[in-house]
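Let me begin by presenting the structure, written as structure tokens, before commenting on it.
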Amino acid sequence: MSEKTISQADVAHMATLSRLYVSPDEQALFARQFGDILAYMDVLAEVDTTGVEPLYSPVQHEGIPREDEARHVRSREAVLANAPHGDGEYFVVPRIV
Amino acid sequence: MTDFCSLSLGDALDALHTRRMTAEQATQACLDRIAATEPVVDALLHVDAENALASARALDAQGPDTSKPLWGIPVTVKDALSTKGMPTTAGSRILEGFMPIYDAFVVERLKQAGAVILGKNNLDEFAMGSGTENSACKPSRNPWDPQCVPGGSSGGSAASVAAGQCFASLGSDTGGSIRQPAALCGCVGLKPTYGRVSRYGLIAYGSSLDQVGPLARSVEDCARVLSVIAGYDERDTTCAPAPLDDYLDAARTGRRAASLDGVRLGLPREFYGDGLAPEVRTACNKAIEAARAAGADIVDVSLPHTHAAIATYYIIAMAEASSNLARFDGVRYGRRAENVENLEELYFRSRSEGFGQEVKRRIMLGTYVLSSGYYDAYYRKAAQVRRLIRDEYHAALGQCDALFCPVSPVTAWKIGHKNDDPLQMYLMDAYTLSLNLAGLPGLSLPVGLGADSGLPVGMQLMGLPFSEAALLRIGAALEAVLPAIGSPAGL
């Protein structure tokens, strides 16, 4: 297996992009584990994919269009039922502006 | 009728239709079985006894209905599937207390078919794992040996079925999560073709890989459940408008014939290489010989990019996971961190407190492979290799009726023994995940017990898109000619 170095700073950057906090202990652990995992991924570099179209989905059928009509499928009350913080009309979040 | 819970789904239906058993009695029998076995197997996150009994009584009030193919049959459902009014957590702290406002398509179908939903099965958090050890709530245990994992991520479903808590369960399979726990718990699991079953209401992990399917104690029982959940649903645009087959008839035909005359099975040689535990290899070889003795023509085939499948799979699955799990932001549902100053801190803290370590790893790696500068080398490259893998599956399946190979390189392992090295855990999925990349159906069935461990060994039949009926026919014939593995020794 080839070596791949992922620094704790790399991990911190990945965490920020992912909107996650990672403790210094976890940063060290993840840096080591991500290095191993990404080194393992290098097996792909050896595969000749010249001229191969990426396959993003195994779907083989054509999408079936429907009329672009709004349907009322959920009540406001139901949609807000699981809100950690709502006021009966809207989801409430900390002040933004 | 002393051991109603050990009956096949078909025999239980017969008892219900002839009123030897009421739906309420059937549900109560399973609830009693749950009370007796749950302290050992921990297969369930939520049991809804009151509503289950109420729906059973409502069925009894109307009387048996032969137009409902699961009339009065108690079932369980993986907790990655949305159930209206019944907690749904995906095994994660971030969905603690979440109460869905709608049923998944497959849950709607179960209810319409007359099934009684007993509760929700444990799973690896967001279906990310191979042993059901990554549940935020508790590990599940294997009914054959409670010190061992039941497999994963649908380990709660497999343990529940094997322990006789229900007659069938629904799981989901992103990289083997139905087939592998079925194999490790000695039951039958079917991962349908991508698009055969609607994903509406399945909490998404890898959207181009996820598929819902049944786990049960026989091939015929799986066929009965597939007949109920398969079909077009406009709410999932990847759900195919492909015609349905008579799955039950296919399984019955195979079982009755108990012969594989005229069936050509391909053995992908890359699945029989190093890394296969000796006891698994021995059990597989015996099953291959049994298939040959039953008339099957056994041929060697090759899937040359198998060595690249694990890397391909994990790049794609993690990329899709990082995107799918962005929705858990603490705003609309699920856990929200308290005492936050601003919106950004709300996102960071809610997610950091709510997700477990394996989920964080996959989100971060997925974000990395999609990020600027790495996208082409990882994500796009993996999608290219995915096409090569899909094409070579189709080529191999042009030479035979189905591929026949092991499901897991090992039998169930001891809880806690493989937990600290994520890469080693990913390698355990080597035989199952390429099928999801290709979008093909796979049927996992028990073929024997490992000579060393005494634990179940499973093998899978894999076929072309929408060949479920053929797989069920061949699987039922195999089941008829292989010696039964018996009941779980751990209960």
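Chains as they are written, first to last, in the numbering used here: chain F, -3 to 93; chain V, 490 to 980. All residues carry an ideal CB built from backbone N, CA and C; glycine is no exception.
Chain-ordered neighbours of residue i on chain F, where CB pairs are closer than 8 Å
i, result
"residue 587 of chain V", "78"
"residue 794 of chain V", "43"
"residue 804 of chain V", "37 and 40"
"residue 876 of chain V", "48, 49, 50 and 51"
"residue 590 of chain V", "70, 74, 75, 77 and 78"
"residue 829 of chain V", "90"
Range of the contiguous alpha helix (DSSP H) that encloses residue i
i, result
"residue 178 of chain F", "Outside the shown range of chain F (-3 to 93) lies residue 178 of chain F, about which nothing can therefore be said."
"residue 891 of chain V", "Here residue 891 of chain V belongs to no alpha helix (DSSP H); instead the beta strand (DSSP E) covers 891 to 895."
"residue 661 of chain V", "Careful: residue 661 of chain V lies outside any alpha helix (DSSP H), inside the beta strand (DSSP E) at 657 to 661."
"residue 1006 of chain V", "This structure cannot settle anything about residue 1006 of chain V, because the visible part of chain V is limited to 490 through 980."
"residue 883 of chain V", "870 to 886"
"residue 601 of chain V", "594 to 601"
"residue 4 of chain F", "4 to 13"
"residue 674 of chain V", "668 to 674"
Simplified DSSP state of residue i, which is helix, strand or coil
i, result
"residue 962 of chain V", "helix"
"residue -3 of chain F", "Reliability fails at residue -3 of chain F, whose pLDDT of 46 lies under 50, so the model's placement of it is uncertain and the value that follows must be treated cautiously. Coil."
"residue 510 of chain V", "coil"
"residue 516 of chain V", "helix"
"residue 87 of chain F", "strand"
"residue 967 of chain V", "helix"
"residue 612 of chain V", "coil"
"residue 651 of chain V", "helix"
"residue 1065 of chain V", "In this structure chain V extends from 490 to 980, so residue 1065 of chain V is not present and cannot be described."
"residue 801 of chain V", "helix"
"residue 495 of chain V", "helix"
"residue 577 of chain V", "coil"
"residue 490 of chain V", "Only weak support is given to the placement of residue 490 of chain V: the predicted model assigns it a pLDDT of 39, under 50, and the value that follows is read from those uncertain coordinates. It is coil, neither helix nor strand."
"residue 634 of chain V", "strand"
"residue 586 of chain V", "coil"
"residue 606 of chain V", "strand"
"residue 907 of chain V", "coil"
"residue 617 of chain V", "coil"
"residue 719 of chain V", "strand"
"residue 947 of chain V", "strand"
"residue 686 of chain V", "strand"
"residue 572 of chain V", "strand"
Residue interval of the beta strand (DSSP E) (run including residue i)
i, result
"residue 700 of chain V", "It is not in any beta strand (DSSP E) - residue 700 of chain V carries neither H nor E in the DSSP assignment."
"residue 756 of chain V", "753 to 757"
"residue 535 of chain V", "533 to 536"
"residue 933 of chain V", "931 to 938"
"residue 843 of chain V", "Per DSSP, residue 843 of chain V belongs to no beta strand (DSSP E); it is in the alpha helix (DSSP H), 832 to 843."
"residue 917 of chain V", "Looking at the DSSP string, residue 917 of chain V is not in any beta strand (DSSP E), and its letter there is neither H nor E."
"residue 680 of chain V", "677 to 680"
"residue 20 of chain F", "No beta strand (DSSP E) contains residue 20 of chain F, which is instead part of the alpha helix (DSSP H) from 20 to 37."
Chain-ordered chain V contacts of residue i [CB-CB under 8 Å]
i, result
"residue 17 of chain F", "837, 838 and 841"
Residue i: contacting residues in chain F (beta-carbon distance under 7 Å)
i, result
"residue 872 of chain V", "50, 51 and 52"
"residue 869 of chain V", "50"
"residue 928 of chain V", "54"
"residue 860 of chain V", "13"
"residue 801 of chain V", "40"
Where residue i meets chain V, residues with beta-carbon distance less than 7 Å
i, result
"residue 89 of chain F", "820, 832 and 835"
"residue 14 of chain F", "811, 852, 853 and 856"
Residues that residue i contacts on chain V, provided the C-beta gap is smaller than 9 Å
i, result
"residue 23 of chain F", "Near residue 23 of chain F there are no residues of chain V at all, since even the closest Cβ is about 11 Å away, more than 9 Å."
Under 9 Å from the C-beta of residue i: neighbouring residues of chain F
i, result
"residue 771 of chain V", "Those do not exist, as residue 771 of chain V stays about 29 Å from chain F at its closest Cβ, beyond 9 Å."
"residue 686 of chain V", "Those do not exist, as residue 686 of chain V stays about 13 Å from chain F at its closest Cβ, beyond 9 Å."
Near the ligand COA: residue i beta-carbon under 6 Å from a heavy atom
i, result
"residue 6 of chain F", "Of ligands this structure carries none, so the ligand COA is not represented either."
When Cβ atoms are compared, which residues of the segment 31 to 55 of chain F fall closer than 7 Å to chain V? 32, 33, 36, 37, 39, 40, 43, 45, 48, 49, 50, 51, 52, 53, 54 and 55
Should the segment 685 to 695 of chain V be regarded as contacting the segment 81 to 91 of chain F, the criterion being three or more beta carbon pairs within less than 8 Å? no
Near-chain F residues of the segment 728 to 744 of chain V (beta-carbon distance less than 8 Å), N- to C-terminal order: 729, 730 and 731
In the segment 59 to 78 of chain F, which residues sit with their C-beta less than 8 Å from some C-beta in chain V, listed in chain order? 59, 60, 62, 70, 74, 75, 77 and 78
Could you say if the segment 787 to 800 of chain V and the segment 879 to 887 of chain V meet the contact criterion of at least three C-beta pairs nearer than 8 Å? yes
Under 7 Å (Cβ pairs) to chain V, residues found in the segment -1 to 11 of chain F: 10 and 11
If the cut-off is 7 Å on Cβ atoms, which residues from the segment 568 to 586 of chain V count as contacting chain F, listed in chain order? none
Mind the definition here: the segment 953 to 967 of chain V touches the segment 729 to 745 of chain V only if three or more C-beta pairs lie below 8 Å; say whether that holds. yes
Three Cβ pairs or more, each shorter than 8 Å: is that satisfied between the segment 557 to 571 of chain V and the segment 502 to 513 of chain V? yes
Counting Cβ pairs, one atom from each stretch, are 3 or more of them under 8 Å apart for the segment 38 to 56 of chain F and the segment 2 to 16 of chain F? no
Counting Cβ pairs, one atom from each stretch, are 3 or more of them under 8 Å apart for the segment 855 to 868 of chain V and the segment 916 to 931 of chain V? no
Contact set between the segment 948 to 960 of chain V and chain F, restricted to residues whose Cβ is under 8 Å from the partner: 954
Return the residues of the segment 664 to 684 of chain V that lie within a Cβ-Cβ distance of less than 9 Å from chain F, sorted by chain order. 682, 683 and 684
Residues in the segment 546 to 563 of chain V having any Cβ partner in chain F nearer than 9 Å: none
Taking any Cβ of chain F, which residues in the segment 710 to 723 of chain V have a Cβ under 8 Å from it, in chain order? 723
Whether or not the segment 813 to 823 of chain V and the segment 621 to 633 of chain V are in contact is what I'm after, with contact meaning three or more pairs of Cβ atoms, one per stretch, closer than 8 Å; do they touch? no
Given 8 Å as the limit, is there contact between the segment 765 to 773 of chain V and the segment 734 to 749 of chain V, that is, 3 or more CB pairs closer than that? no
Three Cβ pairs or more, each shorter than 8 Å: is that satisfied between the segment 515 to 526 of chain V and the segment 958 to 975 of chain V? no
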